[in-house]
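Everything below concerns the one structure shown next.
Protein chains: 2
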Amino acid sequence: MDWRSVNFDWNRARAFLVTAEEGSLSAAARALGMAQPTLGRQVKALEQELGVVLFERAGKGLLLTPDGLALLDHVRAMGEAANAISLTSFGQSQAIEGNICIAASPVYAAYLLPPIIARLRHIEPGITVEIVASNFASDLNRREADIAIRNFRPVEPELIAKKIRDVPARLYATPEYLEKIGSPRTAADLNSASFISIDRTGAFINGLNSMGLSLTEKNFPIFTENYLVMWELVKQGVGIGILDGNIGDAEPSVCRVMDTLEPLMFPIWLVARHELKTSRRVRIVFDLLSEELSK
Amino acid sequence: MDWRSVNFDWNRARAFLVTAEEGSLSAAARALGMAQPTLGRQVKALEQELGVVLFERAGKGLLLTPDGLALLDHVRAMGEAANAISLTSFGQSQAIEGNICIAASPVYAAYLLPPIIARLRHIEPGITVEIVASNFASDLNRREADIAIRNFRPVEPELIAKKIRDVPARLYATPEYLEKIGSPRTAADLNSASFISIDRTGAFINGLNSMGLSLTEKNFPIFTENYLVMWELVKQGVGIGILDGNIGDAEPSVCRVMDTLEPLMFPIWLVARHELKTSRRVRIVFDLLSEELSK
DNA sequence: TGTTTGATATGCATATATGCATGGATTGGC
DNA sequence: GCCAATCCATGCATATATGCATATCAAACA
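These protein sequence lines map, in sequence, to chains A and B. Per our numbering, the very first residue in the first sequence carries number 1; after that it's consecutive. Per our numbering, the very first residue in the second sequence carries number 1001; after that it's consecutive.
Shown next as structure tokens:
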């Protein structure tokens, strides 16, 4: 076969791809962990090598030329293939040493993961861990994470998912706050209580009312989208918040609100890519997470 | 997006692809026009980078491992895309044939441009060149030229201008002439020297005096508006002339006058129409001029 | 068994690419 | 209209990769 046609610098194609997708050399350099001048020179070199003007240098940022646009599709294909190489080789690597990236919600990342990570580091000191704490489901297929802890059944059919168990969500507040609002014992007693809201859409109210309460918007004077902030507010005695029962029960400064209330149940799913089946490292961490989260 | 998964050395993937397809490092090196040790090191580095053993080193030739085989499909996909990039860009770079008109002063046209044009013709035989040698700024907007070399910042805001660098203007004469006037070493020694003037307005005298000389009209017995004529007069030992230091220094028959004299600095600007951004042909010539004039 | 052939590794001088620091230019906000 | 922020380009010291010459190795063959 004649390989001359692929005999250009492939790294420069990578530079072009990331630059085009990110929109600027600086952003691309940050994404790739390289220096901006390096990427600039690589793109310029690719233009010379291919004899095509890829970008218009336009003061702020770069502008893709029509020629560059025409090439972008093919470069994207290269990137997809490169991604597949990376994922496949990651799965085939039998080395236990290496990095594992775990995605979880901020609450789980802050309160559930630390002791598990500590144990993992003790058992397998060769494994380093990266934690992506986000409320948004990380894209495992793009390797934003290797393992994800989610509270819903994953929709991606190509992913491996394991349901760990159902956990209760309960209401918590400080004893001082509960005393202040008259130590509520029935749902009606909570009609004048303050709740810390964690969404704007009203789904939170509906969820609580489905537990048997009858709350209105006036019960939610405080809003934050951040669960950790909500929890700190609850611990400070500002109002009532809802949280995973296992985490709430472990916090000594708060207590359950109306223990008789039936808790809201939700599932914990552990999700991984197909490489789980071939990579020892992923398997070890997955199994450990599964075991610890079942407790 | 997360680009970490494509952030490995793509050239090493190319090395793996061609090696696997050709069956040996030596054959792959021949196909790619590289040295065999280079390819061997690239493949080895890829194995380390991915944490996968790709080849079994077996005395005669290499043997693909199952892991390597699993990756080969994805690497082939990369190669296919790379091939598409190469073909597409080749088709697009076909359109560079045509004429380019370059405007420059007669001196630059005579002494700076010829080697650059020669190189351009060598690199891009499809491009033909027209040179407008004039002291008057050609009107690019009227397409009197596509690219202009000027010694001042262009005033037209719609033109694209790139400052190449500042060049020194120095005094030159033949060694014989300098000896004849007493080998001048100070500014005062030049008070009886003959200069070849290249303007009538007196700006030339003022320019020289701003360098530290103290000349009067009697020092300018010869006038020509043509720099080339002036330079020939200097080379014939008629008197002292001023010229771009890079051109003057390259002329063996003359030498600098009073080397201690601080040279008069003036800029070189490369100017083009907005078309530069869309025309590969203009871009190629512009970049070449920029590169060569920077030397 | 010795020899030839075609392959992969290694040492070293050199070429090439990279990062850092900085300059220059443009945009957006106050 | 000025200032700050952001982005691209350039110069230079350094790190990295490459090529050449050569050593080493294994298999085929006389």
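Note that beta-carbon positions come from the ideal geometry of N, C-alpha and C, so glycine has one too.
Residue i versus residue j - alpha carbon distance
| i | j | result |
| --- | --- | --- |
| A305(A) | H1074(B) | Nothing about residue 305(A) can be reported from this structure: the residues present for chain A run from 1 to 295 only. |
| R150(A) | Q42(A) | 40 Å |
| R57(A) | L25(A) | 11 Å |
| M1258(B) | G1241(B) | 12 Å |
| Q1036(B) | L1017(B) | 14 Å |
| G1040(B) | R4(A) | 19 Å |
| S1105(B) | R1012(B) | 49 Å |
| H122(A) | G98(A) | 15 Å |
| V1129(B) | L69(A) | 30 Å |
| A77(A) | E1156(B) | 43 Å |
| A82(A) | G1051(B) | 15 Å |
| L270(A) | R14(A) | 33 Å |
| M1034(B) | N7(A) | 10 Å |
| L1276(B) | Y1111(B) | 25 Å |
| S1279(B) | R1273(B) | 10 Å |
| L976(B) | S1253(B) | The requested residue 976(B) is not part of the displayed model; chain B covers only 1001 to 1295. |
| L1233(B) | I1196(B) | 8 Å |
| R1170(B) | G1245(B) | 5 Å |
| S134(A) | K235(A) | 22 Å |
| M1172(B) | K1044(B) | According to the sequence displayed, residue 1172(B) carries Tyr and not Met. In a straight line, the C-alpha of Y1172(B) is about 60 Å away from that of K1044(B). |
| L63(A) | V1282(B) | 18 Å |
| S1192(B) | E49(A) | 57 Å |
| F1223(B) | R1200(B) | 8 Å |
Cβ pair residue i, residue j closer than 8 Å
| i | j | result |
| --- | --- | --- |
| V132(A) | A118(A) | no |
| V285(A) | I100(A) | yes |
| A187(A) | L213(A) | yes |
| I1268(B) | V1107(B) | no |
| I164(A) | L288(A) | no |
| R168(A) | C255(A) | Reading off the sequence shown, one finds Pro at residue 168(A), where the question assumed Arg. For P168(A) and C255(A), no; Cβs fall outside 8 Å. |
| A20(A) | L72(A) | yes |
| G1239(B) | S1194(B) | yes |
| G23(A) | G61(A) | yes |
| I96(A) | G126(A) | yes |
| M230(A) | I181(A) | no |
| V1053(B) | T1038(B) | no |
Neighbour list for residue i in chain B, Cβ cutoff strictly below 7 Å
| i | result |
| --- | --- |
| S5(A) | N1083, S1086 and L1087 |
| H74(A) | A1081, A1084, I1085 and T1088 |
| N11(A) | D1009, W1010 and N1011 |
| E21(A) | M1001 |
| Q92(A) | V1052, D1067 and A1070 |
| R14(A) | V1006 and W1010 |
Short CB-CB distance (under 8 Å) between residue i and chain A
| i | result |
| --- | --- |
| M1230(B) | no |
| L1159(B) | no |
| G1033(B) | yes |
| A1077(B) | yes |
| R1153(B) | no |
| R1200(B) | no |
| P1280(B) | Strictly speaking, residue 1280(B) in this sequence is Arg, with Pro absent from that position. Taking Cβ atoms only, chain A reaches closer than 8 Å to R1280(B), which makes this a yes. |
Closer than 8 Å to chain B by CB, residue i
| i | result |
| --- | --- |
| A70(A) | yes |
| E144(A) | yes |
Within chain A, the residues that residue i reaches when beta carbons sit closer than 7 Å
| i | result |
| --- | --- |
| N1099(B) | Neighbours of N1099(B) on chain A: none; closest Cβ ~18 Å, over 7 Å. |
| V1018(B) | W3 |
Interface partners of residue i on chain A, CB under 8 Å
| i | result |
| --- | --- |
| G1207(B) | Per Cβ cutoff of 8 Å: no residues; G1207(B) is ~35 Å from chain A at best. |
Under 9 Å by beta carbon: chain A residues contacting residue i
| i | result |
| --- | --- |
| A1027(B) | Residues of chain A passing the Cβ test: none, with the nearest at roughly 10 Å. |
| R1041(B) | Here the premise fails: no neighbours, minimum Cβ distance about 15 Å. |
| R1283(B) | E47 and V53 |
Proximal chain B residues relative to residue i, where beta-carbon distance stays under 8 Å
| i | result |
| --- | --- |
| M211(A) | Going along chain B, no residue has its Cβ under 8 Å from M211(A), so there is no contact; the nearest lies around 38 Å. |
Residues that residue i contacts on chain B, provided the C-beta gap is smaller than 9 Å
| i | result |
| --- | --- |
| A95(A) | G1051 |
Could you tell me whether the stretch 89-100 of chain A touches the stretch 127-143 of chain A, where touching means 3 or more Cβ pairs closer than 8 Å?
Contact holds: three or more Cβ-Cβ distances are below 8 Å.
Do the stretch 1261-1271 of chain B and the stretch 1198-1218 of chain B touch if we need at least three Cβ pairs shorter than 8 Å?
Yes: at least three Cβ pairs fall under 8 Å.
Do three or more CB pairs link the stretch 215-225 of chain A to the stretch 274-292 of chain A at distances below 8 Å?
Contact between the stretch 215-225 of chain A and the stretch 274-292 of chain A is absent, because fewer than three Cβ pairs lie under 8 Å.
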